[in-house]
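Asks: Right, I'll just put the structure down here and ask away after.
There are 2 protein chains.
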Amino acid sequence: MAVTLAEVAAHAGVSPATVSRVLNGGYPVAGGTRTRVERAVEELGYVANAPARALAAATSDLVGVLVRDVADGFFGILVAALQRALGPEAPGQAGSGRLTVVCATEGAPAAELAHLTLLEGQRAGGVVLTGGAVEEVEHTVALTTRVARLASGGTPVVLCGRPPLAVPAGLPVSTVAFDDRGGAFRLAEHLLTLGHRRIAYVAGPAGLSTGRERLAGHRAALARHGRALAEDCAALTVRTSLERSAGYDATRALLRRGRSFTAVVAADDTVATGVVAALREQGIRIPEDVSVAGFDDLPVCVDTAPALTTVRVPLREAGLLAAHLVTRRRQPPPDGITTLPTQLMVRGSTAPPPTGRQP
Amino acid sequence: MAVTLAEVAAHAGVSPATVSRVLNGGYPVAGGTRTRVERAVEELGYVANAPARALAAATSDLVGVLVRDVADGFFGILVAALQRALGPEAPGQAGSGRLTVVCATEGAPAAELAHLTLLEGQRAGGVVLTGGAVEEVEHTVALTTRVARLASGGTPVVLCGRPPLAVPAGLPVSTVAFDDRGGAFRLAEHLLTLGHRRIAYVAGPAGLSTGRERLAGHRAALARHGRALAEDCAALTVRTSLERSAGYDATRALLRRGRSFTAVVAADDTVATGVVAALREQGIRIPEDVSVAGFDDLPVCVDTAPALTTVRVPLREAGLLAAHLVTRRRQPPPDGITTLPTQLMVRGSTAPPPTGRQP
DNA sequence: ACAAAGACAGAAAGCGCTTTCTATCGCTCG
DNA sequence: CGAGCGATAGAAAGCGCTTTCTGTCTTTGT
């Protein structure tokens, strides 16, 4: 059906090998021959058969990206940045035409492994795993095995926004991490400085690396302000999923037990919007009555009223870096880990707690 | 390196052909043989080489999805729904393992064509083009040619959220459209009923099908309320891009010319958030001073204060349907076009215009 | 009981490309 | 002036899978 390499070769009066070389470079081809081939390609509207090429070359120009949910701003922005960086090649190089295969895991470890298998089958030219990792021994082991297998087959793997994996040294596996802990620490300090002492924490699911890090930073800040605080914290921490509705439900549950807090910190901005909705619905003013803070600094933060105090996670930078690492356009540091800084973004949703009697 | 079909065959003591048949079905294989092969696959951890398979079968299990911007909620939600529907196979069928290749066009016609070429090269098993189409004759012609070529090669193509293309009959090309015009009409009527007469319109880029449709619906409603209104409308219509900042900038520009309107309708919700920000920044109250409305009903609509009046576009339904069409799990209607209804969502951002002197 | 009809398994021919391995040819070197 | 080398181009061997095309064996029908 479609035009083949052989037809182009015939049309140009050269051998298939020569056409392949003109197309791929890395081998000397005389100017005249090259021109003739290029014209033939043009005239016939030749489009190379990627599967055939991948079969012969044992690697494709597909890059796999695993995300929890494409519709979530966090992943959407990350993927968008990654793609943009994947498209146009480094200056001097011709455009490569790498395609991005986006796989949604919905947070399920099994889906993560299954997609990795599919990508392995595709002989993906690179794989990026994004977002928090489910820290469950069994899964971590399985994942490490899979990643090591992929990497030992020559596929660069980048872990983006999650902790490094214990793969054998020398494999092309690198990590782009966020300083979640530091961000959460600074956020908690901000609240403490404002005078908050009873801070509710709507954490994500237990066993998610980002949640663990963020909570750890939060608790570290509380601990510095007194042992008692840190203990209270546990009682005010709620485990949830990572949807907006989770923030809403958790907040309602919290309120049902009496309003024993003056601030709520959410696992991420999406959850925070749910918190805000629940609070507002009860006529609780933000930040006069209760302060609210999120995490990630998604675009929605500046559209809520008041704008949401949060911690900025450099998603675009991470996507760009991950793209460069997965295409080997940039070398990872010796230990393979690059930690990107996070930044406290103070906005209108946090203020000193109400004065006077506190519940 | 990796385990091959031949190795599995040897391990199971059968021929490669038999293994292939066990894996793909559609050919009788005796129970015992099947079990033996399955065990061998299991024991060797065999993962089929997708490129080889695609080469031999002349089609891959990759589904291409063209979007303007993955980070935009509209596309994020659409892609998420599409993927979910692509994953688990119809009941009775085994999981197929289709992968989604997401291509960002950033609204550039050239990028659209380029990605289509890449997908053609991949021998994609299906392609979905989402979002408004750039209606420029030259591009439409080129696009139609490309789509026809793809479809005549047996690749199902689904146009989702954009107008049908004039491809030869009989090709597997179908369309899932939204009733943008109707939605915009009802939205404008809603504003007119509230008493608004001077309605600013922050349209998207000229030449985008969705923009055209929405504006047409808007104007149709105005026209029904008097010729003069429709004429004023033209003066209050601003062409912009589709970012949040576009809404912000356009609104500031509009305000600089004097506040000659009591309502602003935006091309979509993202733009609307920009409008809201610009308005609020000038101390203009929503909806007391000026009403604002968006389009799409993205999640952000309920998180703004006040919540945004908008038109709901059934993105999830569209994604699901597109997935079914592109996998041929569902037959398109005879004319190939399915139009999904839109729904006016009245929320807090629209109210009657301020009484008293109007500028 | 015998031919025709399945049911099942293997051999082998590609699918369209990449990549050695060879084969020329025209010069440069000594 | 002949050996030798770099620059080019072609032949051919796969890459790992699917899919006819054949070739057994069992089953059925009568």
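Residue numbers (our numbering), protein chains in the order written: chain C, 9 to 367; chain D, 9 to 367.
The C-beta atom is built at its ideal place from N, Cα and C for all residues, glycine as well.
1. Go ahead and label Asn32 of chain D buried or exposed: buried means 16 or more other beta carbons lie within 10 angstroms of its beta carbon, across all protein chains shown.
2. Give the straight-line distance between the Cα atoms of Val110 of chain C and Gly72 of chain C, rounded to the nearest whole angstrom.
3. Starting from the beta carbon of Arg131 of chain C, find every residue of chain D whose beta carbon is closer than 8 Å, and list them in chain order.
4. How is Leu151 of chain D classed by DSSP in three states: helix, strand or coil?
5. So, at 6 Å on beta carbons, what are the nonlocal neighbours of Ala14 of chain D in its own chain, with the 5 sequence-adjacent residues on each side left out?
6. Whole angstroms are fine: how far does the CA of Ala88 of chain C sit from the CA of Gly327 of chain C?
7. Going straight from the alpha carbon of Asp188 of chain C to that of Gly95 of chain C, what length do you get?
8. Would you mind sorting Ala261 of chain C into buried or exposed? The rule is 16 or more other CB atoms within 10 Å of its CB.
9. Starting from the beta carbon of Ser68 of chain C, find every residue of chain D whose beta carbon is closer than 7 Å, and list them in chain order.
10. By the 10 Å Cβ neighbour count, where 16 or more other Cβ atoms means buried, how is Glu382 of chain C classified, buried or exposed?
11. Can Pro314 of chain C and Gly255 of chain C be called in contact, C-beta distance under 8 Å?
12. Our contact map puts Leu167 of chain C next to Thr183 of chain C with C-beta atoms below 8 Å; I'd like the distance itself, whole angstroms only.
13. Which bits of chain D does Gln91 of chain C rub up against, with CB to CB less than 9 Å?
14. Which of the three DSSP states, helix, strand or coil, is assigned to Ile410 of chain C?
15. What separation, rounded to the nearest whole angstrom, lies between the Cα atoms of Val30 of chain D and Glu51 of chain D?
16. What residues are listed by DSSP as bridge partners for Asp304 of chain D?
17. Would Arg131 of chain D be called buried (16 or more neighbouring beta carbons within 10 Å of its own) or exposed?
18. Evaluate contact between the segment 55-75 of chain C and the segment 295-305 of chain C, counting only Cβ atoms and requiring at least three cross-stretch pairs below 8 Å.
19. Looking only at C-alpha atoms, which of D:Val283, D:Gly133 and D:Asp304 sits nearest to Val246 of chain D?
20. Residues of chain D with CB closer than 7 Å to the CB of Val308 of chain C, please, in chain order.
21. Let me make sure I understand the geometry here. Which of C:Thr108, C:Ser249 and C:Ala185 has the alpha-carbon closest to that of Asp276 of chain C?
22. Please classify Pro341 of chain C: is it buried, with 16 or more other beta-carbons within 10 angstroms of its beta-carbon, or exposed?
23. Val87 of chain D CB to nearest chain C CB: under 8 Å?
24. Using only the alpha-carbon positions, how far apart do Tyr209 of chain D and Ala112 of chain C sit?
25. Among C:Arg42, C:Ala79 and C:Thr125, whose alpha-carbon lies nearest the alpha-carbon of Val403 of chain C?
26. Within the continuous beta strand (DSSP E) that includes Val210 of chain C, where are the two ends?
27. Closest by CA to Gly203 of chain C, which one among C:Leu237, C:Ala211 and C:Thr163?
28. For Gly139 of chain C, which of C:Gly84, C:Ala156 and C:Pro362 has the nearest alpha-carbon?
29. From Ala368 of chain C to Arg106 of chain D, what distance separates their C-alpha atoms?
30. Tell me, please, which residues DSSP counts as bridged to Arg389 of chain C.
31. Per DSSP, Val166 of chain D forms a beta bridge with which residues?
32. What are the partner residues of Ser23 of chain C, as DSSP defines its beta bridges?
33. What do you reckon, are the CB atoms on Val321 of chain C and Asp305 of chain C nearer than 8 Å?
34. Can you check whether the C-beta of Gly105 of chain D is within less than 8 Å of a C-beta belonging to chain C?
35. Near Arg194 of chain D, which residues of its chain fall below 6 Å by C-beta distance, leaving aside the five closest residues on each side in sequence?
36. Return the residue from the list C:Thr218, C:Thr346, C:Pro362 and C:Arg336 that minimises the CA-CA distance to Thr163 of chain C.
Replies: In brief:
1. Counting from one through the second sequence, the residue named residue 32 of chain D turns up at place 24. It counts as exposed.
2. Translated into the one-based positions of the first sequence, residue 110 of chain C becomes position 102. Translated into the one-based positions of the first sequence, residue 72 of chain C becomes position 64. So the two alpha carbons sit approximately 6 Å from each other.
3. Translated into the one-based positions of the first sequence, residue 131 of chain C becomes position 123. By Cβ distance, chain D contributes Asn57, Ala58 and Pro59.
4. Counted from its first residue, the second sequence places residue 151 of chain D at position 143. Here Leu151 of chain D sits in helix by DSSP.
5. In the second sequence, the residue the question calls residue 14 of chain D occupies position 6. Closer than 6 Å at the Cβ level, and outside the excluded window around Ala14 of chain D, lie Pro24.
6. Here residue 327 of chain C refers to the residue found at position 319 when the first sequence is read from its first residue. Here residue 88 of chain C refers to the residue found at position 80 when the first sequence is read from its first residue. When rounded, the distance between both Cα atoms is 8 Å.
7. Stepping through the first sequence from its first residue, residue 188 of chain C is reached at position 180. Stepping through the first sequence from its first residue, residue 95 of chain C is reached at position 87. Their Cα atoms are separated by approximately 29 Å.
8. Counted from its first residue, the first sequence places residue 261 of chain C at position 253. Counting Cβ neighbours within 10 Å, Ala261 of chain C comes out exposed, since fewer than 16 surround it.
9. For the purposes of this step, residue 68 of chain C is identified with residue 60 of the first sequence, where counting begins at 1. Under the 7 Å cutoff, chain D gives Pro59.
10. It is not possible to answer for residue 382 of chain C, since the shown part of chain C is limited to 9 through 367.
11. For the purposes of this step, residue 314 of chain C is identified with residue 306 of the first sequence, where counting begins at 1. For the purposes of this step, residue 255 of chain C is identified with residue 247 of the first sequence, where counting begins at 1. Not in contact: Pro314 of chain C and Gly255 of chain C (Cβ atoms no closer than 8 Å).
12. The residue given as residue 167 of chain C occupies position 159 in the first sequence. The residue given as residue 183 of chain C occupies position 175 in the first sequence. Contact flag correct, Cβ pair sits at about 4 Å.
13. The residue labelled residue 91 of chain C in the question sits at position 83 within the first sequence. In chain order: Val78, Val110, Cys111 and Ala112.
14. Here chain C comprises residues numbered 9 to 367, so residue 410 of chain C is not present and cannot be evaluated.
15. Sequence index remark: in the second sequence, residue 30 of chain D carries index 22 (1-based). Sequence index remark: in the second sequence, residue 51 of chain D carries index 43 (1-based). Cα-Cα distance, rounded: 15 Å.
16. Position 296 of the second sequence, counted from the first residue, corresponds to residue 304 of chain D. Looking at the DSSP assignment, Asp304 of chain D forms a beta bridge with D:Arg320.
17. Looking up residue 131 of chain D in the second sequence gives position 123. It is buried - the Cβ of Arg131 of chain D has at least 16 other Cβ atoms within 10 Å.
18. The segment 55-75 of chain C, when compared against the segment 295-305 of chain C, does not touch it at the 8 Å Cβ threshold.
19. If you number the second sequence from 1, residue 246 of chain D lands on position 238. Among D:Val283, D:Gly133 and D:Asp304, the Cα nearest to that of Val246 of chain D is on D:Val283.
20. Your numbering for residue 308 of chain C matches position 300 in the first sequence. Correct list: Val308 and Asp311.
21. Mapped onto the first sequence, residue 276 of chain C falls at position 268. Residue C:Ser249 is the option with its Cα nearest to Asp276 of chain C.
22. Translated into positions along the first sequence, residue 341 of chain C becomes position 333. Exposed.
23. Along the second sequence, one-based indexing puts residue 87 of chain D at 79. Yes, Val87 of chain D lies at the interface with chain C (some Cβ there is under 8 Å from its Cβ).
24. What you label residue 209 of chain D is simply residue 201 of the second sequence in a count that begins at 1. What you label residue 112 of chain C is simply residue 104 of the first sequence in a count that begins at 1. In a straight line, the C-alpha of Tyr209 of chain D is about 37 Å away from that of Ala112 of chain C.
25. Coverage of chain C is limited to positions 9 through 367, which leaves residue 403 of chain C absent and any answer about it impossible.
26. Residue 210 of chain C sits at position 202 when you count from the first residue of the first sequence. Looking at the DSSP string, the run of the beta strand (DSSP E) that includes Val210 of chain C is Ile207 to Ala211.
27. The count along the first sequence starts at 1 and reaches residue 203 of chain C at position 195. Closest option to Gly203 of chain C, Cα to Cα, is C:Leu237.
28. By one-based count along the first sequence, residue 139 of chain C stands at place 131. Of the listed residues, the one whose Cα sits closest to Gly139 of chain C is C:Gly84.
29. Residue 368 of chain C lies beyond the stretch modelled for chain C, which goes from 9 to 367, so this question has no answer here.
30. Outside the modelled stretch of chain C, which goes from 9 to 367, sits residue 389 of chain C, for which no answer is possible.
31. As a working note, residue 166 of chain D is residue 158 in the second sequence. Per DSSP, D:Val136 and D:Ser182.
32. The residue labelled residue 23 of chain C in the question sits at position 15 within the first sequence. Its beta-bridge partners do not exist; DSSP assigns none.
33. Taking the first sequence and counting its residues from 1, the one referred to as residue 321 of chain C is at position 313. Taking the first sequence and counting its residues from 1, the one referred to as residue 305 of chain C is at position 297. Against a cut-off of 8 Å, the Cβ pair of Asp305 of chain C and Val321 of chain C comes out as a contact.
34. In the second sequence, residue 105 of chain D corresponds to position 97, counting from 1. Yes, because at least one Cβ of chain C sits closer than 8 Å to the Cβ of Gly105 of chain D.
35. Taking the second sequence and counting its residues from 1, one reaches residue 194 of chain D at position 186. If we look at Arg194 of chain D and ignore the five residues flanking it on each side, its Cβ neighbours are Leu352.
36. Residue numbering aside, residue 163 of chain C sits at position 155 when the first sequence is read from its first letter. Comparing Cα positions, the closest option is C:Arg336.
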